[in-house]
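Please read the structure below before turning to the comments.
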Amino acid sequence: MTDLSITPEFRPLGKSGLSVFPIAYGMWRFAGTSTKEAHAKIDAALGAGMTLFDTADIYGVDGEGAFGDAEKLFGDVLKETPSLREKMVIASKGGIVLGLPYDSSSDYLISACDVSLSRMGIEQIDLYQIHRPDILAHPQEVAGALTKLRDQGKIVHVGISNHTPAQVETLQAHLDFPIVTNQPEISCWALDPFFDGTLDQCMQHGVTPLAWSPLAGGRLALSEKEARKEEDGDCLVATQALLDSKAREAGVTREAVALAWLLAHPAGIIPIIGTQNLDRISAATDTFNVSFDRQSWYAILQASMGEQLP
Ligand SMILES: NC(=O)c1ccc[n+]([C@@H]2O[C@H](COP(=O)([O-])OP(=O)(O)OC[C@H]3O[C@@H](n4cnc5c(N)ncnc54)[C@H](OP(=O)(O)O)[C@@H]3O)[C@@H](O)[C@H]2O)c1
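What follows is the structure, given as structure tokens:
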């Protein structure tokens, strides 16, 4: 049986011409620390080889922080060591507004992007993503705003997040340049993109899937006792048991196996890890010591689904 290959070789970011390390670093949980601690996390991610850094204007509002805090803290790190910028592909997002919940009108997106640039203290965002679809914004208007930002040199490439395949197709129809990434939640505990056409569409159009919460926001790391209390806890425990068995075989952590499971998919998924723990950031690359054959990959899928495929 052929092994599904998992290597640290850089992966293309859609049709952007850019390539990035196959694991990205995410900053949803990044705000709320000193610049020194934040700097150490960025250094650990870069030290592990990561080149894609994913943030959003809204990151910071969970917990005690405020809108913009994660971008601001990231900007503080970049200000301390400006040479870091050239080692990174910086991705951010806009379009979620507290209390609305979404605004992808042209005026809003253009002003949100300006504020993101100034918080991070950078001239250009390499990948600007529409965070969630705004049902009240015509895709032609969204495309117009993205085109304007691109023409002004404020953003280089465009991605979307949490959009259905039809929403992606419709937005793309109004753009003269390709959407290069699609960021849904994907993990061996969040399986929808395997079945709802999201990953098929990525492969159809050469769009790179960026997997948010690749460890299911930490649920894959829960103890058996904690996992049993989750909805469909028996399936979660069964999934973890298979991840653990593979982890023992490869001499790595359960988390490294969960990342490898995503990396083995043919769409070229790039998981965005969210740990704030320096050792775990560095250990993410243990994933390249894992290999899957079809049987062991499908066994994890079926354990998570709680049923056998026909
Ligand atoms: N587009 C969107 O709508 C959207 C939504 C959510 C997230 N995202 C992106 O995806 C990124 C990752 O999301 P995420 O943070 O949910 O990712 P994740 O990697 O699935 O989960 C990270 C969480 O798991 C915990 N964890 C990891 N390993 C652990 C272990 N061995 N034991 C205990 N806890 C462990 C981490 O805690 P420690 O910090 O203690 O390790 C952290 O709280 C975000 O930063 C963001 O860039 C995007």
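The opening residue of the sequence shown carries number 986 in the numbering used here; numbering runs sequentially from there. Cβ coordinates follow ideal geometry from the N, Cα and C atoms, glycine included. Just so we're clear, the structure is a prediction, and the values are computed from it rather than from any experiment.
- For the set Arg1265, Ala1122, Ala1128 and Ala1033, the Cα lying nearest the Cα of Leu1200 is the one of Arg1265.
- Taken through DSSP and simplified to helix, strand or coil, Val1074 comes out as strand.
- Just measuring C-alpha positions, the residue of Trp1282, Tyr1087 and Cys1220 sitting nearest Ala1245 is Trp1282.
- In this structure, Asn1147 has its beta carbon less than 8 angstroms from a heavy atom of ligand 1.
- Take the alpha-carbon of Ala1041 and the one of Asp1271: they are about 27 angstroms apart.
- A distance below 9 angstroms separates the beta carbons of Ile1254 and Leu1248.
- Leu1058 sits away from Ala1029, with the two beta carbons spaced by 9 angstroms or more.
- When secondary structure is reduced to three states using DSSP, Gly1203 falls in the helix class.
- Under the three-state reduction of DSSP output, Trp1174 falls in the coil class, being neither helix nor strand.
- Within the stretch 986-1045, the beta strand (DSSP E) runs of at least 3 residues that lie entirely inside it are, in chain order, 1009-1011 and 1037-1039.
- Judged by DSSP secondary structure, Pro1194 falls within the beta strand (DSSP E) whose first and last residues are Thr1193 to Ala1196.
- In the same chain as Gly1045, and ignoring 5 residues on each side of it, the C-beta atoms closer than 7 angstroms to its own belong to Ala1016, Ala1051, Phe1052, Gly1053, Asp1054 and Ala1055, in chain order.
- Counting C-beta pairs closer than 8 angstroms gives three or more between the stretch 1161-1176 and the stretch 1194-1211, which meets the contact rule.
- The three-state reading of DSSP puts Gly1106 in coil, since its state is none of H, G, I, E or B.
- The C-alpha of Lys1072 lies about 29 angstroms from the C-alpha of His1148.
- The continuous stretches of alpha helix (DSSP H) do not include Ser1146, which lies in the beta strand (DSSP E) extending over residues Ile1140 to Ser1146.
- For Leu1200, the shortest separation between its Cβ and any heavy atom of ligand 1 lies below 8 angstroms.
- Spatial neighbours of Gly1259 in its own chain (CB-CB distance under 6 angstroms, excluding positions within 5 residues in sequence) are listed in chain order as Gly1011, Trp1013 and Arg1014.
- Under the DSSP definition of a beta bridge, Leu1112 partners with Ala1076 and His1142.
- The Cβ atoms of Gln1157 and Pro1118 lie no closer than 9 angstroms to each other.
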